[in-house]
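Counted the way UniProt numbering counts, the sequence shown spans residues 1 to 428.
Even glycine gets a Cβ: it sits at the ideal position worked out from N, Cα and C.
Note that this is a predicted model, so its numbers are computed, not measured.
Reading through the structure tokens given below for one structure.
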Amino acid sequence: MVAASRDNDADVIVVGAGPGGSTTAYHLARHGVRVLVLEKSQFPREKVCGDGLTPRAVKQLIKLGLTADGTFEEQGWLTNKGLRVIGGGVRLELDWPDLASFPNYGLVRTRHDFDDLLAKQAVKVGADLRTGYTVTGPVREDTGRVVGVIAESEGGEQHTFRAPLVISADGVSGRFPLSMGLAKREDRPIGVAVRRYYHSPARHDDDYLESWLELRSKEGGDKLLPGYGWIFGMGDGRVNVGLGVLNSSAAFGKTNYRRMLTEWLGATPPEWGMADEANADGPILGAALPMGFNRVPHYTRGVLLVGDSGGMVNPFNGEGIAYAMESGELAAEVVAQALGRTGADRERALAAYPAELKARYGGYYRLGNIFVKMIGNPQIMRIATKHGMPHPTLMRFVLKLLANLTDPRGGDAMDRVINAMTKVVPAA
1 MVAASRDNDA DVIVVGAGPG GSTTAYHLAR HGVRVLVLEK SQFPREKVCG
51 DGLTPRAVKQ LIKLGLTADG TFEEQGWLTN KGLRVIGGGV RLELDWPDLA
101 SFPNYGLVRT RHDFDDLLAK QAVKVGADLR TGYTVTGPVR EDTGRVVGVI
151 AESEGGEQHT FRAPLVISAD GVSGRFPLSM GLAKREDRPI GVAVRRYYHS
201 PARHDDDYLE SWLELRSKEG GDKLLPGYGW IFGMGDGRVN VGLGVLNSSA
251 AFGKTNYRRM LTEWLGATPP EWGMADEANA DGPILGAALP MGFNRVPHYT
301 RGVLLVGDSG GMVNPFNGEG IAYAMESGEL AAEVVAQALG RTGADRERAL
351 AAYPAELKAR YGGYYRLGNI FVKMIGNPQI MRIATKHGMP HPTLMRFVLK
401 LLANLTDPRG GDAMDRVINA MTKVVPAA
């Protein structure tokens with residue numbers, strides 16, 4: 001690789017040290033790239049998340065070397081076998097599929113130290129991490145190309161850092177792409193999720209992630225609350241409980257989501273401890289879920305968008321960490337090649353990033369966008385739950401589809417159907 005000018009502070013600047021940013025930095029450093037990571041917070045720090053990781057995310061964690069010192073269980077992570085789905089009067093446990101492409105287990109880890117662990121992996125292989133630096137905007141050439149960033153340290157001092165390429169991994173806020181005029185697309189799905197921790201000895205050590213397709217309040221009756229819910233055991237005496245609502249729902253933007261969470265939990269069994277405010281551990285916090293490539297282009301003027309910054313949350317299941325990490329790995333591969341080129345040849349190399357994202361996820365996300373519109377209709381959701389849940393084989397297919405877990409080659413009939421579906425629809 002041909003290194004960037006030594007007048008630069010780095011070959012690449014990564015904005016944000018969440019899962020996407022740290023994964024990008026890790027793989028860049030492994031390629032010998034001088035990478036500077038700027039993170040506004042200090043680690044460890046809290047982050048709104050469900051804390052559940054599917055096998056897609058586990059695969060990425062293994063690539064970051066997190067099993068070098070022992071298995072995840074030996075290092076204090078809680079593993080899970082699959083997804084427990086509750087709806088339509090049915091409770092169904094679906095194991096993660098056995099695939100060549102992905103491990104057959106998931107994980108749970110609080111974001112309080114999860115991001116810190118990933119950032120430390122990047123530092124181990126040579127990344128320069130600087131916390132307490134809030135990036136406020138780009139440094140541009142006269143042509144409009146970005147050649148660095150402006151940042152403010154915790155003491156209020158302004159700093160300018162220069163690099164030929166910048167990776168925007170600053171999460172759902174997308175402040176850096178917004179400073180470049182890259183607004184989110186209104187025609188793509190977006191969700192809102194709220195979550196809270198509860199002390200729950202009865203539920204904290206669960207072999208399955210739990211998803212609720214129907215939410216009812218403590219008042220009971222046939223009326224359903226909008227959205228979907230989850231209960232994920234943390235293995236430390238607590239559970240992460242939350243709910244999400246999509247913008248295809250009539251309740252989106254018109255509902256007090258925090259109140260709705262407490263109404264739903266008020267209907268759960270008393271022995272779970274989630275209906276008792278005394279068992280709550282911290283406030284109810286919320287965040288947006290930018291889905292289905294809702295901010296594009298993913299490369300422009302020297303800047304690549306990774307993860308939530310580029311709207312890469314899976315529309316089917318709201319999973320963001322796996323796709324942030326996968327896009328970060330891809331961005332690192334493309335950038336490492338591009339830095340070995342100059343001029344128009346470098347730009348051709350960088351154009352491979354959005355092209356490959358579209359090839360990998362475009363058809364799948366298009367299906368997901370259709371799915372979001374359909375389930376926004378309560379009648380459709382009620383029918384699907386009532387008639388789909390009693391059929392385990394169908395639900396195993398649904399699990400593979402929603403979690404995007406298939407083998408691209410040599411898979412079973414379900415894999416072949418899902419893979420064909422994602423290829424025949426126009427890319428998002």
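Cβ atoms of V306 and A169 come within 8 Å of each other, at about 4 Å. Within its own chain, the residues whose Cβ lies closer than 6 Å to the Cβ of G52, once the five positions on either side in sequence are excluded, are V108, L209, F232, listed in chain order.
DSSP places V425 outside any beta strand (DSSP E), giving it a letter other than H or E.
Rounded to whole angstroms, the Cβ separation of A280 and Y198 is 6 Å, and the two are in contact under 8 Å. Under the three-state reduction of DSSP output, H112 falls in the helix class. T136 carries a strand assignment under DSSP once its states are collapsed to helix, strand and coil.
Sixteen is the threshold: since fewer than 16 other Cβ atoms of the shown chains lie within 10 Å of the Cβ of L394, the residue is exposed.
In the structure shown, the three-state DSSP call for F161 is strand.
The straight-line gap separating the alpha-carbon atoms of V245 and P103 is approximately 29 Å. Contact between M260 and L213 does not hold, since their C-beta atoms are separated by about 15 Å, which reaches or exceeds 8 Å.
One alpha carbon belongs to I86, the other to H391, and they sit about 13 Å apart. Between V334 and A163, the gap from beta carbon to beta carbon reaches 9 Å or more. When the beta-carbon positions are compared, V135 and K40 come within less than 9 Å of each other.
Here T24 is buried: its Cβ has 16 or more other Cβ atoms, across all protein chains shown, within 10 Å.
If you draw a straight line from the Cα of N80 to the Cα of H204, it comes to about 12 Å. Per DSSP, the beta-bridge partners of D281 are Y197. If you look at L28, you'll find it in the alpha helix (DSSP H) that goes 19 to 30.
Spatial neighbours of A331 in its own chain (CB-CB distance under 7 Å, excluding positions within 5 residues in sequence) are listed in chain order as T24, I167, L304, V306, Y353. Contact between V15 and L129 does not hold, since the beta-carbon distance rounds to 12 Å and is not under 8 Å. The alpha-carbon separation between S248 and K386 amounts to approximately 21 Å. In this structure, G144 and R301 form a Cβ contact; the two beta carbons are roughly 6 Å apart against a cut-off of 8 Å. Distance from the CA atom of R416 to the CA atom of A324, rounded to whole angstroms, is 25 Å. Each residue's CA atom was taken as its position, placing V194 and R56 some 23 Å apart. If one requires a minimum length of 4 residues, the alpha helix (DSSP H) runs lying completely within the region 377 to 426 are 378 to 388, 392 to 403, 413 to 424, in chain order. Residue pairing from DSSP places Y299 in a beta bridge opposite L304.
The C-beta separation of W96 from L339 comes to about 37 Å, leaving the pair out of contact by the 8 Å criterion. Distance between E93 and V172, taken at the CA atoms: about 32 Å. In this structure, the CA atom of N8 is about 27 Å from the CA atom of E326. In this structure A119 is buried. Its beta-carbon is surrounded by 16 or more other beta-carbon atoms within 10 angstroms.
Between R346 and P426 a beta carbon distance of about 30 Å is seen, past the 8 Å cut, so the two are scored as non-contacting. Its chain contains L94, P97, M414 as the residues whose beta carbon lies nearer than 8 Å to that of R396, once the 5 sequence neighbours on both sides are disregarded; these appear in chain order.
According to DSSP, V334 shares a beta bridge with no other residue.
Separation of the CB atoms of Y228 and S211 is rounded to 7 Å, and the pair is thereby assigned contact status at 8 Å. Closest in C-alpha terms to G273, from the list R238, A355, Y105, L243, comes R238. Distance check between Y364 and each of A322, A355, R409, I418 places I418 closest, using alpha-carbon atoms only.
Inside the region 32 to 65, DSSP marks whole alpha helix (DSSP H) runs of 4 or more residues at positions 55 to 63, from first to last along the chain.
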